[in-house]
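Novice: In full-length UniProt numbering, the protein residues as written are 1 to 394. Backbone N, C-alpha and C define an ideal beta-carbon position, used for all residues, glycine too. Only a predicted model underlies this, so the values are computations on that prediction, with no experimental measurement involved.
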Amino acid sequence: MDYKEDIKRWRLILGKDTQDTFSSMNSEAISSLSEEDWLMDRALDAIYNPTGKFMGEAALGAGRGPSNPQISKWLGDVRDLFDKELVKIIQTDAMDRCGLKQLIFEPEILEQVEPDISLASTIMLLKDQIPKHSKESVRAFIKKIVEEINKLLESDIKRAVRAALNKRQHSPIPSASALDFKRTIQRGIKNYNKELKKIIPEHYYFFERASTNPSSKFTVILDIDQSGSMGESVIYSSVMACILASMAALKTRIVAFDTNIVDLTEKSDDPVDLLYGFQLGGGTDINKSITYCMNYIENPKKTIFFLISDLMEGGNRGGMLRHLQEMKDSGVIVVCLLAISGDGQPYYDSQMAGKISSMGIPCFACNPEKLPLLLERVLKGLDLNSFQEEFKKK
1 MDYKEDIKRW
11 RLILGKDTQD
21 TFSSMNSEAI
31 SSLSEEDWLM
41 DRALDAIYNP
51 TGKFMGEAAL
61 GAGRGPSNPQ
71 ISKWLGDVRD
81 LFDKELVKII
91 QTDAMDRCGL
101 KQLIFEPEIL
111 EQVEPDISLA
121 STIMLLKDQI
131 PKHSKESVRA
141 FIKKIVEEIN
151 KLLESDIKRA
161 VRAALNKRQH
171 SPIPSASALD
181 FKRTIQRGIK
191 NYNKELKKII
201 PEHYYFFERA
211 STNPSSKFTV
221 ILDIDQSGSM
231 GESVIYSSVM
241 ACILASMAAL
251 KTRIVAFDTN
261 IVDLTEKSDD
271 PVDLLYGFQL
281 GGGTDINKSI
291 TYCMNYIENP
301 KKTIFFLISD
311 LMEGGNRGGM
321 LRHLQEMKDS
331 GVIVVCLLAI
341 SGDGQPYYDS
351 QMAGKISSMG
361 IPCFACNPEK
371 LPLLLERVLK
381 GLDLNSFQEE
391 FKKK
């Protein structure tokens, strides 16, 4: 990048108030700003100017602001000018700095907003304030987020679960769809027929299909903290829960809690319906919820319990630890996820996390993309120390 380009770039970064300073340094560089450069400058100035004005008007927090068409055009310009990740950052800053939160429920605004999980968390937190005329638009926006996460996770989660459950043993019952090609070829390679140029196996190997016997199924219990700080984790957990619930090889139970408990298992057919069943905010009584979830444990050695929480327990802390230990001792696979998020280290009760880890219960944050690998390792009964170590490094 040459000197002129440096001048242009810094002028756009620092805003229009530095116009005279940069013009005196190199007027040619400033005069060479393109129409797109100026459009970008105006779009950024709308929220980052030091006067606190938005598009030349008073901030919306003061009760006066631009009309909705202006905001829609601004959102459209931002989407055209910047890449997707920058758009999400700019949108979030606009909500925080310019008092736009009350407008995110306007249908024409939501149509222009780039789907973003942090914004979806804000909407879910405020969902009781959604006006009637905006409910369908908000639902459509949430559905976009759910579909994006579903594309990210569904195939890998299903593959991971099937890899863990369906390929442990081989079955004598022939089925073309269940043929283990790799093992059949490896064992039959010695019978290669040179004339036919084919392997003639002496024996065909088939993967054992998931049993339909309810007593042989794994039960997966997701106990999800719905306090306000857990917004993103709730969204990812809801999508994961619905994917797991769709698999015949598993029995999936979904419980949400703050100081109250809501059993959402019956809503697992639709992740959007499931999300709407959560009520973000309120206090936290983890022990009460764990006690409720213990009623779902029929066969401890075939039960996996995920506690998804920041561990800011407002109830019986000693009881919580005791019940987790009881679960583990009975044979339940217990995993504590402090957050499901890719945005760095979450806020959580580190003292409580340390106590849970010292009990031999894995306790860490998980990147959404690693959920399939986590599930596969858990179902196979493998060690989860690598996940804990990765979290500690972060």
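Can the beta-carbon of residue 413 be found less than 8 Å from the beta-carbon of GLU232?
Specialist: Outside the modelled stretch of the chain, which goes from 1 to 394, sits residue 413, for which no answer is possible.
Novice: Among ALA94, GLN112 and THR92, which one has its Cα closest to the Cα of ASP80?
Specialist: To locate residue 80, count along the sequence shown from 1; it is residue 80. Nearest C-alpha to ASP80: GLN112.
Novice: Straight-line CA distance for VAL234 to LYS198?
Specialist: Your numbering for residue 234 matches position 234 in the sequence shown. Your numbering for residue 198 matches position 198 in the sequence shown. A direct Cα-to-Cα measurement between VAL234 and LYS198 gives close to 53 Å.
Novice: So for LYS217, helix, strand or coil by DSSP?
Specialist: Here residue 217 corresponds to residue number 217 of the sequence shown, with the count starting at 1. In the structure shown, LYS217 sits in coil (DSSP, three-state: anything other than H, G, I, E or B).
Novice: Note the first and the last residue of the continuous beta strand (DSSP E) segment covering ALA256.
Specialist: Counting from 1 along the sequence shown, the entry for residue 256 is found at position 256. For ALA256, the enclosing beta strand (DSSP E) begins and ends at 250–257.
Novice: For LEU222, which option in THR18, GLY281 and LEU274 has the closest C-alpha, if you only look at C-alpha atoms?
Specialist: The residue given as residue 222 occupies position 222 in the sequence shown. Among THR18, GLY281 and LEU274, the Cα nearest to that of LEU222 is on LEU274.
Novice: Relative to the alpha-carbon of SER357, which residue among LEU311, SER330, CYS293 and GLY315 has its alpha-carbon at the smallest distance?
Specialist: Here residue 357 is taken as the residue at index 357 of the sequence shown, counted from 1. When the alpha-carbon of SER357 is set against those of LEU311, SER330, CYS293 and GLY315, the nearest one is in LEU311.
Novice: Please list the segments of the beta strand (DSSP E) lying wholly inside the region 301–334, counting only runs of 3 or more residues, in order along the chain.
Specialist: 303–308
Novice: To the nearest angstrom, how far is it from the Cα of ILE308 to the Cα of ASP93?
Specialist: As a working note, residue 308 is residue 308 in the sequence shown. As a working note, residue 93 is residue 93 in the sequence shown. Cα to Cα, the separation comes out at about 28 Å.
Novice: So the candidates are ASN316, GLY319 and LYS328; which of them puts its Cα closest to the Cα of ASN299?
Specialist: In the sequence shown, residue 299 corresponds to position 299, counting from 1. Ranking ASN316, GLY319 and LYS328 by Cα distance to ASN299 puts LYS328 first.
Novice: Determine the closest residue to MET296 out of PHE278, PHE257, LYS251 and GLY283, with distance taken between C-alpha atoms.
Specialist: Counting from one through the sequence shown, the residue named residue 296 turns up at place 296. A quick correction: the sequence has Tyr, not Met, at residue 296. It is LYS251.
Novice: To the nearest angstrom, how far is it from the Cα of VAL146 to the Cα of PHE278?
Specialist: Here residue 146 refers to the residue found at position 146 of the sequence shown. Here residue 278 refers to the residue found at position 278 of the sequence shown. When rounded, the distance between both Cα atoms is 15 Å.
Novice: Got a sec, what are the start and stop residues for the alpha helix (DSSP H) PHE364 sits in?
Specialist: Locating residue 364 in the sequence shown gives position 364, where the first residue counts as 1. Not the alpha helix (DSSP H): PHE364 falls in the beta strand (DSSP E), residues 363–366.
Novice: Quick check: what's the CA-CA separation for ILE304 versus THR219?
Specialist: To locate residue 304, count along the sequence shown from 1; it is residue 304. To locate residue 219, count along the sequence shown from 1; it is residue 219. Looking at the two C-alpha atoms, the distance is approximately 6 Å.
Novice: Would you report the Cα separation of ASN191 and THR184, rounded to the nearest angstrom?
Specialist: For the purposes of this step, residue 191 is taken as residue 191 along the sequence shown, with counting starting at 1. For the purposes of this step, residue 184 is taken as residue 184 along the sequence shown, with counting starting at 1. Cα-Cα distance, rounded: 11 Å.
Novice: Taking the alpha-carbon positions, what's the VAL78 to VAL87 distance?
Specialist: Locating residue 78 in the sequence shown gives position 78, where the first residue counts as 1. Locating residue 87 in the sequence shown gives position 87, where the first residue counts as 1. Near 6 Å, if we compare the C-alpha coordinates of VAL87 and VAL78.
Novice: With a threshold of 7 Å, establish whether the CB of LEU311 neighbours any heavy atom of the ligand MN.
Specialist: As far as ligands go, the structure on display features none, and thus does not contain the ligand MN.
Novice: Considering only DSSP beta bridges, list what CYS336 is partnered with.
Specialist: By one-based count along the sequence shown, residue 336 stands at place 336. According to DSSP, which records beta bridges pairwise, CYS336 is partnered with LEU307 and CYS363.
Novice: Using a Cβ-Cβ cutoff of less than 6 Å, which residues in the same chain neighbour residue 396 once the five nearest sequence positions on both sides are dropped?
Specialist: Outside the shown range of the chain (1 to 394) lies residue 396, about which nothing can therefore be said.
Novice: Can you tell me whether ALA241 is buried or exposed? The criterion is at least 16 other CB atoms within 10 Å of its CB, across all chains shown.
Specialist: Here residue 241 corresponds to residue number 241 of the sequence shown, with the count starting at 1. Classification for ALA241: buried.
Novice: Around the C-beta of HIS323, are 16 or more other C-beta atoms found within 10 angstroms, so that it is buried, or is it exposed?
Specialist: The sequence position of residue 323 within the sequence shown is 323, counting from 1. The residue in question, HIS323, is buried, as its Cβ has 16 or more Cβ neighbours within 10 Å.
Novice: Which whole-angstrom value describes the C-beta separation of PHE141 and ILE123, a residue pair presumed to lie in contact below a C-beta threshold of 8 Å?
Specialist: Here residue 141 corresponds to residue number 141 of the sequence shown, with the count starting at 1. Here residue 123 corresponds to residue number 123 of the sequence shown, with the count starting at 1. Between ILE123 and PHE141 the Cβ distance is about 7 Å, and since that is below 8 Å, they are a contact.
Novice: Please name the residue in LYS267, LYS135 and MET320 whose C-alpha comes closest to that of SER289.
Specialist: Within the sequence shown, the letter at position 289 stands for residue 289. The residue with the shortest Cα to Cα distance from SER289 is MET320.
Novice: Among ASP156, GLU114, ARG162 and ALA248, which one has its Cα closest to the Cα of ASP83?
Specialist: Within the sequence shown, the letter at position 83 stands for residue 83. Ranking ASP156, GLU114, ARG162 and ALA248 by Cα distance to ASP83 puts GLU114 first.
Novice: By the DSSP assignment, the alpha helix (DSSP H) with VAL138 in it spans what residues?
Specialist: In the sequence shown, residue 138 corresponds to position 138, counting from 1. Element bounds for VAL138: 135–165.
Novice: Specify the secondary structure class of LYS88 as computed by DSSP and reduced to three states.
Specialist: Indexing the sequence shown from 1 puts residue 88 at position 88. Here LYS88 sits in helix by DSSP.
Novice: Taking only the alpha-carbon atoms, compute the straight-line gap between GLU136 and PRO271 and give it to the nearest angstrom.
Specialist: To locate residue 136, count along the sequence shown from 1; it is residue 136. To locate residue 271, count along the sequence shown from 1; it is residue 271. When rounded, the distance between both Cα atoms is 16 Å.
Novice: What's the gap between the Cα of LYS143 and the Cα of THR21?
Specialist: Along the sequence shown, read from residue 1 onward, the residue named residue 143 stands at position 143. Along the sequence shown, read from residue 1 onward, the residue named residue 21 stands at position 21. Distance between the alpha carbons of LYS143 and THR21: 47 Å.
Novice: Look up LYS355 in the DSSP assignment and give the residues it is bridged to.
Specialist: Along the sequence shown, read from residue 1 onward, the residue named residue 355 stands at position 355. The partner list for LYS355 (beta bridge, DSSP) is empty, contrary to what the question assumes.
Novice: For the alpha helix (DSSP H) that VAL113 lies in, which residues bound it at each end?
Specialist: As a position in the sequence shown, residue 113 is number 113, starting the count at 1. Segment: none, VAL113 is in no alpha helix (DSSP H) and carries neither H nor E.
Novice: Between SER227 and ASP258, is the Cβ-Cβ spacing less than 8 Å?
Specialist: On the sequence shown, residue 227 is found 227 positions in, with the first residue counted as 1. On the sequence shown, residue 258 is found 258 positions in, with the first residue counted as 1. Yes. Within cutoff.
Novice: Using only the alpha-carbon positions, how far apart do LEU60 and TYR236 sit?
Specialist: By 1-based counting over the sequence shown, the position of residue 60 is 60. By 1-based counting over the sequence shown, the position of residue 236 is 236. Annotation note: pLDDT 39 at LEU60 (below 50); position unreliable, no value reported.
Novice: Are the beta-carbon atoms belonging to MET247 and VAL161 less than 8 Å from one another?
Specialist: In the sequence shown, the residue the question calls residue 247 occupies position 247. In the sequence shown, the residue the question calls residue 161 occupies position 161. Yes, the pair counts as a contact, with Cβ atoms nearer than the cut-off.
Novice: Return the first residue and the last residue of the beta strand (DSSP E) that ASP263 is part of.
Specialist: Walking along the sequence shown from the start, residue 263 turns up at place 263. Element bounds for ASP263: 261–263.
Novice: Whole angstroms are fine: how far does the CA of ALA163 sit from the CA of GLN169?
Specialist: On the sequence shown, residue 169 is found 169 positions in, with the first residue counted as 1. On the sequence shown, residue 163 is found 163 positions in, with the first residue counted as 1. For GLN169, the predicted structure reports a pLDDT of 47, less than 50, and the residue's modelled location is therefore unreliable. A value from the coordinates is still provided. For GLN169 and ALA163, the gap between their C-alpha atoms comes out near 11 Å.
Novice: Alpha carbon to alpha carbon, how far is ASN287 from ALA43?
Specialist: Here residue 287 refers to the residue found at position 287 when the sequence shown is read from its first residue. Here residue 43 refers to the residue found at position 43 when the sequence shown is read from its first residue. C-alpha separation (whole angstroms): 49 Å.
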